[in-house]
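Note that the protein sequences, when read in sequence, are chains A and B. To convert, note that position 201 of the first sequence is 200 in numbering that gives the first Met the number 0; the numbers rise steadily by one, no gaps. To convert, note that position 152 of the second sequence is 151 in numbering that gives the first Met the number 0; the numbers rise steadily by one, no gaps.
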Amino acid sequence: MKITVAEALIRCLEREDVEIVFGYPGGAILPVYDALNKTVIKHVLVRHEQGAAHMADGYARVTGKVGVCLATSGPGATNLVTGIANAYMDSVPMVVITGQVATSMVGTDAFQEVDITGITIPITKHNYLIKEPDQLPAVVKKAFLLASTGRPGPVLIDLPKDVAQAKIDFKYPQKTELPGYKPTIKGHAAMVQQAAKLMTKSQRPVIYAGGGVRTADAASELLQLAETICAPVTHTLMGLGSFPGNHPLFLGMLGLHGTRYANQAVTECDCLIAVGARFDDRVVSNISGFAPAAKIIHIDIDPAEIGKNVVTQLPIVGDVKNVLKAILPHLEKKENMAWVDRIMQLREKMPLGYEQDGILKPQFVIEKLNEFKDESAIVVTDVGQHQMWAAQYMRFNEPRSFISSGGLGAMGFCLPAAIGAQMGAPHKQVIAIVGDGGIQMTMQELGTAAEQKLPLKIFILNNNSLGMVRQLQEYYCDSRYIAVDFQFNPDFVELGRIYGMEGYTVETPEKLLEILPGVLGSTAPVIVNCIVDREEDVLPMVMDGSNIDEAIS
Amino acid sequence: MKHILSVLVENNPGVLTRIAGLFSRRGFNIDSLAVGMTENPLVSRMTIVVEGNERYLEQLNKQLHKLVDVIKINDITRDAYVDRELVLIKVSADAARRAEIMQLVDIFRARIVDVSPKSLTVEITGNDGKVTAFEDSLRPFGIKELVRTGKIALLRGKNDSTKNHANKEEDEI
Numbered sequence: 000m001k002i003t004v005a006e007a008l009i010r011c012l013e014r015e016d017v018e019i020v021f022g023y024p025g026g027a028i029l030p031v032y033d034a035l036n037k038t039v040i041k042h043v044l045v046r047h048e049q050g051a052a053h054m055a056d057g058y059a060r061v062t063g064k065v066g067v068c069l070a071t072s073g074p075g076a077t078n079l080v081t082g083i084a085n086a087y088m089d090s091v092p093m094v095v096i097t098g099q100v101a102t103s104m105v106g107t108d109a110f111q112e113v114d115i116t117g118i119t120i121p122i123t124k125h126n127y128l129i130k131e132p133d134q135l136p137a138v139v140k141k142a143f144l145l146a147s148t149g150r151p152g153p154v155l156i157d158l159p160k161d162v163a164q165a166k167i168d169f170k171y172p173q174k175t176e177l178p179g180y181k182p183t184i185k186g187h188a189a190m191v192q193q194a195a196k197l198m199t200k201s202q203r204p205v206i207y208a209g210g211g212v213r214t215a216d217a218a219s220e221l222l223q224l225a226e227t228i229c230a231p232v233t234h235t236l237m238g239l240g241s242f243p244g245n246h247p248l249f250l251g252m253l254g255l256h257g258t259r260y261a262n263q264a265v266t267e268c269d270c271l272i273a274v275g276a277r278f279d280d281r282v283v284s285n286i287s288g289f290a291p292a293a294k295i296i297h298i299d300i301d302p303a304e305i306g307k308n309v310v311t312q313l314p315i316v317g318d319v320k321n322v323l324k325a326i327l328p329h330l331e332k333k334e335n336m337a338w339v340d341r342i343m344q345l346r347e348k349m350p351l352g353y354e355q356d357g358i359l360k361p362q363f364v365i366e367k368l369n370e371f372k373d374e375s376a377i378v379v380t381d382v383g384q385h386q387m388w389a390a391q392y393m394r395f396n397e398p399r400s401f402i403s404s405g406g407l408g409a410m411g412f413c414l415p416a417a418i419g420a421q422m423g424a425p426h427k428q429v430i431a432i433v434g435d436g437g438i439q440m441t442m443q444e445l446g447t448a449a450e451q452k453l454p455l456k457i458f459i460l461n462n463n464s465l466g467m468v469r470q471l472q473e474y475y476c477d478s479r480y481i482a483v484d485f486q487f488n489p490d491f492v493e494l495g496r497i498y499g500m501e502g503y504t505v506e507t508p509e510k511l512l513e514i515l516p517g518v519l520g521s522t523a524p525v526i527v528n529c530i531v532d533r534e535e536d537v538l539p540m541v542m543d544g545s546n547i548d549e550a551i552s
Numbered sequence: 000m001k002h003i004l005s006v007l008v009e010n011n012p013g014v015l016t017r018i019a020g021l022f023s024r025r026g027f028n029i030d031s032l033a034v035g036m037t038e039n040p041l042v043s044r045m046t047i048v049v050e051g052n053e054r055y056l057e058q059l060n061k062q063l064h065k066l067v068d069v070i071k072i073n074d075i076t077r078d079a080y081v082d083r084e085l086v087l088i089k090v091s092a093d094a095a096r097r098a099e100i101m102q103l104v105d106i107f108r109a110r111i112v113d114v115s116p117k118s119l120t121v122e123i124t125g126n127d128g129k130v131t132a133f134e135d136s137l138r139p140f141g142i143k144e145l146v147r148t149g150k151i152a153l154l155r156g157k158n159d160s161t162k163n164h165a166n167k168e169e170d171e172i
């Protein structure tokens with residue numbers, strides 16, 4: 000029996016075990032929405048397409064599955080762009096489906112026409128414009144394969160309206176042909192042996208773990224590696240949660256706002272083992288001063304990351320889990336006593352910290368959230384000062400428990416990503432930590448959260464300003480502040496109330512401690528407006544052009 | 000050093016945009032680019048001439064490999080190869096100087112493909128050295144217009160790389 004391509008698309012999604020799609024309807028995507036009437040797949044109606052993309056992203060990060068979002072042509076598609084770029088930068092598996100004007104109209108500047116495949120070439124792993132109805136099932140199969148394997152990323156499918164309405168004999172392919180796509184999974188055997196040798200010989204090893212550990216589901220292998228060769232572990236923002244935060248070998252984050260002891264350890268180490276990390280400029284700062292004494296082992300599934308930013312002595316291209324598993328049997332248990340002592344000493348000598356003076360400090364809010372949250376809680380942040388404090392002061396023991404916009408640094412990510420996270424993990428506590436700037440970029444999604452009856456716990460670290468930019472102006476523009484202090488902010492408690500949330504305004508440490516157990520224990524959605532000290536800076540901070548061990552604090 | 004990359008790609012719409020876009024957004028420069036179908040209609044060959052050191056080439060090679068439509072990349076300057084470029088040159092030629100030009104055309108084994116009262120259009124194929132020498136010797140007459148196809152090249156011997164798709168990452172560690 001023939002079915003429409005739109006119906007076939009939905010059948011394909013069912014075959015890929017898609018449970019939820021996030022989207023916003025419109026003219027060109029009409030046939031697809033019509034087909035959504037006949038499926039068990041849940042559709043979440045968002046308030047703006049950017050929200051749909053971030054929700055699919057948050058959902059994918061929490062579940063490890065491919066996130067799916069839908070939008071119509073033209074403005075619907077362009078509104079997704081920030082969310083697609085965000086997923087691309089952080090290697091999140093996502094399939095994006097957009098409607099397109101009918102094939103006869105393509106290229107005529109038709110109503111709501113935009114060349115979305117052209118626009119998204121640089122921010123997708125791959126994309127497709129479907130011109131022939133028969134192509135669809137194979138394209139969907141390829142899209143899911145590409146999105147979820149190798150180095151994951153978003154894949155976009157642009158579906159013209161007339162193609163969606165055409166009828167085909169539906170058959171979902173078992174296999175698919177992608178002659179140009181063969182990710183290397185297994186590490187090169189000789190390199191694996193050499194790496195093991197180097198690790199064994201090293202007396203001052205440091206492991207630098209990135210988001211690839213989470214993607215490859217390699218947290219337990221990482222733990223084994225660290226314990227076997229007794230190597231302290233520092234992580235990137237994306238690597239948080241991949242190594243237990245309460246482990247004695249845990250060093251915290253490195254780089255621009257990393258702990259001073261992590262940065263010092265990297266500077267002193269004789270062997271740096273980069274696992275699923277990409278030597279981002281926010282990590283490395285001044286390249287010539289980064290790990291100057293170290294032989295660098297770089298394990299990554301993306302060959303293009305090898306040697307892109309720093310020269311490495313020992314590259315291994317492959318799936319992180321697979322490579323670590325191959326290395327482990329070649330290693331012998333060792334102690335590195337002197338090195339571990341040195342790390343202890345560094346940790347005592349240069350601790351993280353801030354001063355309490357009666358005003359509510361943002362770091363204090365984060366610390367207390369860390370103390371009172373569920374062990375299994377998922378923390379979602381926005382971008383800015385609060386994000387860095389969360390990375391510094393919270394401890395995550397589980398992979399996929401810290402969700403943040405890393406590479407793109409997209410303000411407005413938090414609320415929709417938290418919604419996606421909560422939908423992916425309905426029984427877990429989801430805590431959204433966001434600034435008063437970021438929440439106002441996507442706060443229309445409070446409507447989506449209310450509609451879906453999500454018990455989100457939203458903590459606004461409200462300093463009435465764009466704190467991170469303000470801090471940059473303080474250091475780099477001699478405190479000539481411009482366009483960073485809000486002259487007007489809404490009453491966020493009142494705002495929450497309108498959307499059916501409980502709300503509290505917190506101005507003192509005492510008040511925070513008073514409400515926190517109740518808020519986190521509640522089954523209702525809650526918004527907590529924390530009025531925090533505007534003058535607090537994120538420290539330590541590596542100034543532009545400095546080496547990472549020269550951070551100011 | 001100049002490198003000639005012979006890139007086999009799936010013959011999909013938009014593949015040229017993907018390749019060209021990659022070069023521009025990652026700051027790689029293209030000296031010349033020639034595209035056409037191969038003996039396999041599903042596969043096109045792009046011959047791209049680029050200039051850069053080893054590290055530059057390695058990064059370019061890896062970034063190109065990341066494009067799903069890219070099947071195989073050969074830096075053919077590393078092996079024995081033949082390369083050719085076709086150039087059309089319209090040169091000023093009144094009756095008085097025509098004979099002199101035709102002599103040059105003979106020497107370089109070029110061909111005259113169009114004649115008008117005031118100009119001649121000449122076709123020449125060859126490698127860089129030959130084409131440049133010819134261009135230099137015509138310049139005194141006044142070159143009115145010139146167009147080059149961009150370089151195309153193949154490895155010497157009996158390589159049939161379009162049929163062998165299985166080794167995209169063979170040289171990766």
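Even glycine gets a Cβ: it sits at the ideal position worked out from N, Cα and C. Predicted, not measured: the structure shown is a model, and the values here were computed from it.
| Asked | Found |
| --- | --- |
| Helix, strand or coil: how does DSSP classify valine 14 of chain B here? | helix |
| Comparing C-alpha positions only, which one of A:Asn396, A:Cys270 and A:Arg346 sits nearest to phenylalanine 242 of chain A? | A:Asn396 |
| Using DSSP with H/G/I as helix, E/B as strand and the rest coil, what is threonine 214 of chain A? | helix |
| Do isoleucine 305 of chain A and valine 274 of chain A come within 9 Å of each other at the CB atom, strictly closer than that value? | no |
| Exposed or buried, what is leucine 494 of chain A when buried is set at 16 or more other beta-carbons lying within 10 Å of its beta-carbon? | buried |
| Buried or exposed: which applies to valine 45 of chain A, given that a residue is buried once 16 or more other Cβ atoms fall within 10 Å of its Cβ? | buried |
| Can you check whether the C-beta of tyrosine 353 of chain A is within less than 9 Å of a C-beta belonging to chain B? | no |
| Three or more beta-carbon pairs under 8 Å between the region 428-445 of chain A and the region 265-280 of chain A, yes or no? | no |
| Taking C-alpha atoms, which residue in B:Gly26, B:Val14 and B:Asp82 lies nearest to aspartate 70 of chain B? | In the sequence under discussion, the amino acid at residue 70 of chain B is isoleucine, which differs from the aspartate named in the question. For isoleucine 70 of chain B, the nearest C-alpha among the options comes from B:Val14. |
| Which partner residues of isoleucine 111 of chain B appear in the DSSP bridge assignment? | B:Val121 |
| Taking a Cβ distance cut-off of 7 Å, strictly less, list which residues of the region 150-182 of chain A are near chain B, in chain order. | Leu177, Pro178, Gly179, Tyr180 and Lys181 |
| Against chain A, which members of the region 68-98 of chain B pass a CB distance test of less than 7 Å? | Asp68, Val69 and Ile70 |
| Taking only the alpha-carbon atoms, compute the straight-line gap between arginine 213 of chain A and glycine 238 of chain A and give it to the nearest angstrom. | 7 Å |
| Just to confirm before moving on: does the CB-CB distance between alanine 409 of chain A and alanine 448 of chain A stay below 9 Å? | no |
| Considering only residues of the region 512-545 of chain A, which uninterrupted beta strand (DSSP E) runs meet the minimum length of 3 residues and lie entirely inside it, listed in chain order? | 525-530 |
| Should histidine 207 of chain A go down as buried or exposed, given a rule of 16 or more other Cβ atoms within 10 Å for buried? | In the sequence under discussion, the amino acid at residue 207 of chain A is tyrosine, which differs from the histidine named in the question. Classification of tyrosine 207 of chain A: buried, given that the 10 Å Cβ count is 16 or more. |
| Measuring CA to CA, which of A:Ile296, A:Gly434, A:Gly73 and A:Val309 is closest to glutamine 362 of chain A? | A:Gly434 |
| Quick one: Cα of isoleucine 526 of chain A to Cα of glycine 383 of chain A, how far? | 19 Å |
| What are the start and end residues of the beta strand (DSSP E) that includes isoleucine 122 of chain A? | It is not in any beta strand (DSSP E) - isoleucine 122 of chain A carries neither H nor E in the DSSP assignment. |
| Kindly indicate which three-state DSSP category isoleucine 365 of chain A falls into: helix, strand or coil? | helix |
| Given 8 Å as the limit, tell me if proline 92 of chain A has its C-beta closer than that to any heavy atom belonging to the ligand GTP. | Among the ligands in the structure shown, none appear at all, so the ligand GTP cannot be discussed. |
| Please confirm whether glutamine 591 of chain A and alanine 376 of chain A have their CB atoms less than 9 Å apart. | Only positions 0 to 552 of chain A appear in the structure, and residue 591 of chain A is not among them; the question remains open. |
| What is the DSSP secondary structure of tyrosine 503 of chain A, counted as helix, strand or coil? | strand |
| Determine the direct distance from the alpha carbon of methionine 45 of chain B to that of valine 34 of chain B, and round the result to whole angstroms. | 5 Å |
| Run through DSSP, which three-state label would serine 91 of chain B get? | strand |
| Between the alpha carbons of lysine 129 of chain B and isoleucine 75 of chain B, how many angstroms are there, rounded? | 20 Å |
| Run through the DSSP bridge pairs and tell me what isoleucine 326 of chain A is partnered with. | Isoleucine 326 of chain A is not bridged to any residue. |
| Against chain B, does threonine 81 of chain A count as a neighbour if the rule is that its beta carbon must be under 9 Å from one of theirs? | no |
| On the premise that isoleucine 88 of chain B lies in contact with valine 114 of chain B, defined as a C-beta separation below 8 Å, what is that separation, rounded to the nearest angstrom? | Going by Cβ atoms, the distance from valine 114 of chain B to isoleucine 88 of chain B rounds to 13 Å, so no, they are not a contact pair. |
| Counting only beta-carbon separations shorter than 9 Å, does arginine 147 of chain B have a partner in chain A? | no |
| Pick from A:Gln472, A:Met422, A:Glu506 and A:Ala52: whose alpha carbon is nearest that of lysine 41 of chain A? | A:Met422 |
| How is the alpha helix (DSSP H) around lysine 185 of chain A delimited, first residue to last? | Looking at the DSSP string, lysine 185 of chain A is not in any alpha helix (DSSP H), and its letter there is neither H nor E. |
| Pull out every residue of the region 3-14 of chain B whose Cβ sits closer than 8 Å to any Cβ of chain D, in chain order. | No chain D is part of this structure, whose protein chains are labelled A and B. |
| I want to see whether chain A comes within less than 9 Å of serine 16 of chain B, judged by CB atoms only; does it? | Checking the displayed sequence, the identity of residue 16 of chain B turns out to be threonine instead of serine. Cβ-Cβ to chain A under 9 Å: yes for threonine 16 of chain B. |
| Taking 9 Å as the CB-CB cut-off, is threonine 116 of chain A touching chain B? | yes |
| Comparing the C-beta of arginine 54 of chain B with each C-beta of chain A, is any distance below 9 Å? | yes |
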